[in-house]
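In our numbering, the protein residues as written are 153 to 210.
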């Protein structure tokens with residue numbers, strides 16, 4: 153059962169921490185997940201049916 157749970161958890165590719173959802177715009181359906189250390193951000197836009205991924209450049 154743990155295998156199925158891990159398939160649906162998004163992780164930061166740099167530090168491997170679980171992404172947190174705290175900026176989502178529920179009325180528009182946009183889901184924004186980001187790394188707790190701000191390395192990585194992943195947005196889902198249902199109107200376009202796409203994911204937009206961005207990495208922090210330092």
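The C-beta atom is built at its ideal place from N, Cα and C for all residues, glycine as well.
If you run the structure through DSSP and keep just helix, strand and coil, what is residue i?
i, result
"residue 157", "helix"
"residue 176", "coil"
"residue 201", "coil"
List the endpoints of the continuous beta strand (DSSP E) containing residue i.
i, result
"residue 193", "192-197"
"residue 184", "183-186"
By how many angstroms is the C-alpha of residue j removed from the C-alpha of residue i?
i, j, result
"residue 163", "residue 177", "21 Å"
"residue 212", "residue 209", "Absent from the structure is residue 212, since the part of the chain shown begins at 153 and ends at 210."
"residue 174", "residue 161", "15 Å"
Since residue i and residue j should fall inside the 8 Å C-beta cutoff, what is the C-beta to C-beta distance between them, to a whole number of angstroms?
i, j, result
"residue 157", "residue 189", "23 Å between Cβ atoms; not a contact."
"residue 171", "residue 185", "4 Å"
If you measure between the beta carbons of residue i and residue j, is that distance less than 9 Å?
i, j, result
"residue 165", "residue 207", "yes"
"residue 192", "residue 201", "no"
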